[in-house]
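Enquirer: All residue numbers for the sequence shown refer to the working numbering, where the first residue is 1 and numbers rise by one.
So that we are looking at the same thing, I have put the structure below in structure tokens.
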Amino acid sequence: MLQHRVVSCLVMVAYHIYHKDMASQNNLLAACFSKLMTSNIRPGAKNVKGFLFRRPGRAVAAVSYLEKSWEVYQEYCKVHVTPDQSMSGRHLLWMFKDLRLLDTNLTTARLLRVITAESPDPSNPTGCLALEITFLEFFEVLLGSAEVKCQLVPEGPVGGRSPFSPDGEAGREAPEVIYKQPFPVGQISSSSLS
């Protein structure tokens, strides 16, 4: 059902953007959708970003944590009831604080940088706190925070930049990290999140 809804929304968006540009009224929705796909979606399809797909070898290991992460996400969304199974960046930050995942390696500032790593305005990390976080974004934040938490943070800047710098460039060159389960998800229940 969700995939059908996404495609329907894309068709509606395509219609509103391109219906005036179409010469023929025949198959207008299909023509608008095709124009959206060729002009806006396809050119960026190979421009893969994010912590999950950036390194394909890690993606295979990360997929083994999908089910447990989905359980954590669902339990946390039950605590903060939302109709569309999402949470805000602020709730995600609170979750990390409540589960005591923040430490000297993964500070609040670094977690905010992980959350905003792929946002349109990474220079404003507090601007993401009100935005919705879907499950994929949640999972990517888990992977990014695991990368930050597991890497050794050197004393001082690396090459003139601190690890996981706000511009995202130093974080993108981070050394290979073996992902470990960031927290014992099997022990989390809705009662422990409230």
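The beta carbon of each residue, even a glycine, is placed where N, CA and C say it ideally should be.
Is the Cβ-Cβ distance between LEU99 and SER145 less than 8 Å?
Expert: No, they are not a contact pair.
Enquirer: Out of curiosity, what's the CA-to-CA distance linking LYS35 and SER69?
Expert: Rounded to the nearest angstrom, the two C-alpha atoms are 36 Å apart.
Enquirer: Tell me the rounded alpha-carbon separation between VAL148 and LEU111.
Expert: Rounded to whole angstroms, VAL148 to LEU111 spans 9 Å at the Cα level.
Enquirer: In terms of residue numbering, what span does the alpha helix (DSSP H) encompassing LYS149 cover?
Expert: 135-150 is the extent of the alpha helix (DSSP H) around LYS149.
Enquirer: Which residues bound the alpha helix (DSSP H) around TYR73?
Expert: First-last of the alpha helix (DSSP H) with TYR73: 66-79.
Enquirer: Name the residue from CYS150, GLN151, PHE139 whose alpha carbon lies nearest to the alpha carbon of ALA62.
Expert: Taking only the C-alpha atoms, the option nearest ALA62 is PHE139.
Enquirer: Between MET95, ASP21, LEU131, GLY127, which has its C-alpha nearest GLN74's C-alpha?
Expert: That would be MET95, whose Cα lies nearest to the Cα of GLN74.
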